[in-house]
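Numbering (full-length UniProt numbering), first residue to last: 1 to 418.
For every residue, glycine included, the Cβ atom is placed at its ideal position computed from N, Cα and C.
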Amino acid sequence: MIDKSILHLDLDTFFVSCERLINKELIGVPVLIGGTSDRGVVAACSYEARTYGIHSAMPMRMARQLCPHAKVIRGNSQAYSEFSNQITEIIRERSPLFEKSSIDEFYIDVTGMDRYIQTTYLWAKELRDKIIHDTKLPISFGLSTSKTVAKVGTGEAKPNNHIQIKTGYEKPFLAPLSIKKIPMVGNKTYHLLRRMGIERVRTVQEMPIELMERVLGKNGIAIWKKAQGIDNTPVIGWSERKSISTERTFEQDTTDIYNLKSILLGMAESLAYQLRNSNKLTSCVSVKVRYSDFQTHTKQRRIPYTSLDHTLIEIVKDLFEKVYDRRVLVRLIGVRFSNLIGGSYQIRLFEDSFKMIKLYQAMDNLRGRYGEDAVKRAQGMRARHVKQMNPFNGQMDGEIIPPGPKLEARSPEAAHGT
C-alpha cells in the first residue's frame, strides 16, 4: 500500500503581504487591517503587530491601545481575491489534485508522484519557489501523510519556510506541541482540556480513546486520532463551478416588480445564511429571469469573497435592474452564488464593525436553534418557501407557491381571532 502524501500550502499574513506589495512603506512596520473606526475589528495583522499581543478578531480600539504607532488599513478585498486567483492558477497548472480550502490556503494530494519526479518534497519546493517568484508573496508549506500533520507542519514552518514530516515520524513530531495546534481544538475545547491537565499533544497520545470520548463525545475521538497523526480525510478536488442556487417558478406569470424584488431579496438572504452555516464564501453572483415566452436572461458579477446578507442583496438588486429589461410577464426568477471557497468571518472583518459581525452571529445562532425562518428581513419574507437544492446536504428545500398578497405583521391576539 502506498503511503499518502499530502501537501499543505498557506500564504503568510496574506492580507498584510498583499498590502505591502501595493505600498512598500508598510514593510517592516506593525500593520493592522480591518475596520478603521474604534468600533472596527482586526481582520489581520503583521508579525510585528503580533509581538504586542494583537490578534485577529480583536477590537481595533484595543489593538491601537496596544500598539499606537501601528499602520491601520481598511483593507482591499478585491485585490486579495485577485492575488488568490493568481496563486490558484499556478497550483492548478502543476497539481494532479488540489483543494482550495480558503482564500489563502491549499491542499494538494501528491501521492504516487515519486514515480514520475525526483521527490515530492523537491517538487513542493519548486512549486513554492514558482509562487514566490510570480506573485512576490511569502508562502509556507508542510508535507506529510495526512491533512492534519501537513497543516500543523505548515504552522511550525512559518514564516516563509517549509517542512516535511516523513512516514513514521508523525507522532514524535506532534508530541511536544501545544494541544491548541491540533485542528478542531478551539478556545472552549482547549480550556476544557487544560482543566483536565492536558497541555501537550503527548498527553492525549498516551490517553485511552475511551476517556476522550467520555469527555468530548465524537469530537474527542476525532481529536485523539489527529493527535496520533491519523487522518484519512481526502483532498477534495476544487472547481470554480461549485455553487449554490435557488429558483422560483410562479403558477401565474407576473409583472409585480415589488413582489419580484422582495422574493429575490429573500433568496439572497437565505443563500447567504447557507453560505455562512457551511463556512463558505462566494465571489460570483448571478440573477436569472425567465419570461412567459420561455426566453431566459442571466446577468452575473464577480465580487470580492463574502457571505454578508446586505452586500449580496445589493448586488442581486442591481443585477435584477440590469437583466429585467423587457417589461413583460415573468415565469421564473433565480439567484446563484458560485466560485465558492471555504472561509469564515476573517475576510469580512474589515467590511463591518464588530457590532455588525456580532449581529450576524446572533442572527445565525437564532436560525440554527429555531429554524432558518426565525429571523428574516421584512421585505424578503415572501421567499420563505422557495424550491431549491442545498448542495451542502443534497436535500430539496421548500416548495413552489404562487405569489400571494402582501404579508402583514399581526399581533398574537389578531392571529387567534381575539
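Could you check if residue i is buried or exposed, using at least 16 other CB atoms within 10 Å of its CB as the buried criterion?
{"i": "residue 285", "result": "buried"}
{"i": "residue 187", "result": "exposed"}
{"i": "residue 101", "result": "buried"}
{"i": "residue 226", "result": "buried"}
{"i": "residue 176", "result": "exposed"}
{"i": "residue 138", "result": "buried"}
{"i": "residue 294", "result": "exposed"}
{"i": "residue 359", "result": "exposed"}
{"i": "residue 386", "result": "Model confidence at residue 386 stands at a pLDDT of 42, short of 50, so the residue's coordinates are unreliable and nothing is read from them."}
{"i": "residue 153", "result": "buried"}
{"i": "residue 162", "result": "buried"}
{"i": "residue 10", "result": "buried"}
{"i": "residue 366", "result": "exposed"}
{"i": "residue 362", "result": "exposed"}
{"i": "residue 23", "result": "exposed"}
{"i": "residue 28", "result": "exposed"}
{"i": "residue 107", "result": "buried"}
{"i": "residue 105", "result": "buried"}
{"i": "residue 347", "result": "Reliability fails at residue 347, whose pLDDT of 47 lies under 50, so the model's placement of it is uncertain and the value that follows must be treated cautiously. Burial call: buried."}
{"i": "residue 118", "result": "exposed"}
Which same chain residues end up closer than 8 angstroms to residue i when comparing Cβ atoms and leaving out the 5 residues on each side of it in sequence?
{"i": "residue 323", "result": "287, 288, 289, 297, 298, 299"}
{"i": "residue 185", "result": "179, 193, 223"}
{"i": "residue 67", "result": "30, 32, 49, 52, 54"}
{"i": "residue 42", "result": "32, 33, 34, 54, 55, 56, 57, 58, 59, 60, 63, 349"}
{"i": "residue 113", "result": "5, 96, 120, 123"}
{"i": "residue 330", "result": "250, 253, 254, 255, 260, 289, 290, 291, 292, 324"}
{"i": "residue 328", "result": "255, 291, 292, 293"}
{"i": "residue 218", "result": "none"}
{"i": "residue 460", "result": "Here the chain covers residues 1 to 418 and nothing more, so residue 460 does not appear."}
{"i": "residue 201", "result": "174, 175, 176, 177, 178, 179, 181, 182, 227"}
{"i": "residue 235", "result": "6, 97, 98, 99, 107, 108, 109, 147"}
Excluding the five sequence neighbours on either side, which residues of its own chain have a C-beta within less than 7 angstroms of the C-beta of residue i, listed in chain order?
{"i": "residue 213", "result": "220, 221"}
{"i": "residue 258", "result": "none"}
{"i": "residue 326", "result": "291"}
{"i": "residue 13", "result": "44, 46, 47"}
{"i": "residue 19", "result": "26, 31, 33, 73"}
{"i": "residue 171", "result": "205, 228, 229"}
{"i": "residue 443", "result": "Residue 443 falls outside the range modelled here, since the chain spans only 1 to 418, and no answer is possible."}
Quick one: give me the first and last residue of the alpha helix (DSSP H) that residue i is part of.
{"i": "residue 25", "result": "Where residue 25 is concerned, there is no enclosing alpha helix (DSSP H), given that its DSSP letter is neither H nor E."}
{"i": "residue 57", "result": "Where residue 57 is concerned, there is no enclosing alpha helix (DSSP H), given that its DSSP letter is neither H nor E."}
{"i": "residue 47", "result": "47 to 50"}
{"i": "residue 190", "result": "187 to 195"}
From the DSSP output, read off the bridge partner residues of residue i.
{"i": "residue 164", "result": "143"}
{"i": "residue 8", "result": "107, 142"}
{"i": "residue 42", "result": "34"}
{"i": "residue 333", "result": "248, 289"}
{"i": "residue 342", "result": "280"}
{"i": "residue 200", "result": "178"}
{"i": "residue 254", "result": "330"}
Whose C-beta lies closer than 6 angstroms to the C-beta of residue i among residues of the same chain, with five residues either side of it excluded?
{"i": "residue 268", "result": "312, 313, 316, 335"}
{"i": "residue 16", "result": "31, 44, 46"}
{"i": "residue 36", "result": "72, 74"}
{"i": "residue 231", "result": "146, 147, 148"}
{"i": "residue 3", "result": "145, 167"}
{"i": "residue 320", "result": "264, 287"}
{"i": "residue 393", "result": "Residue placement at residue 393 is poorly supported in this model, since its pLDDT is 41, which falls under 50; the coordinates are not used for a value here."}
{"i": "residue 208", "result": "none"}
{"i": "residue 84", "result": "103"}
{"i": "residue 391", "result": "Low confidence applies to residue 391: its pLDDT is 43, below 50, so where it sits in the model is not reliable, and the reading given next is rough at best. Around residue 391: 244."}
* **Those runs of the beta strand (DSSP E) which lie wholly inside the stretch 276 to 317 and span at least 3 residues** => 280 to 291, 296 to 306
* Asked: Which ranges would you report for the beta strand (DSSP E) in the stretch 202 to 250 if only whole runs of at least 3 residues count?
  -> none
* **Within the stretch 60 to 147, ranges of the beta strand (DSSP E) (whole runs, at least 3 residues)** => 71 to 73, 98 to 102, 105 to 109, 139 to 144
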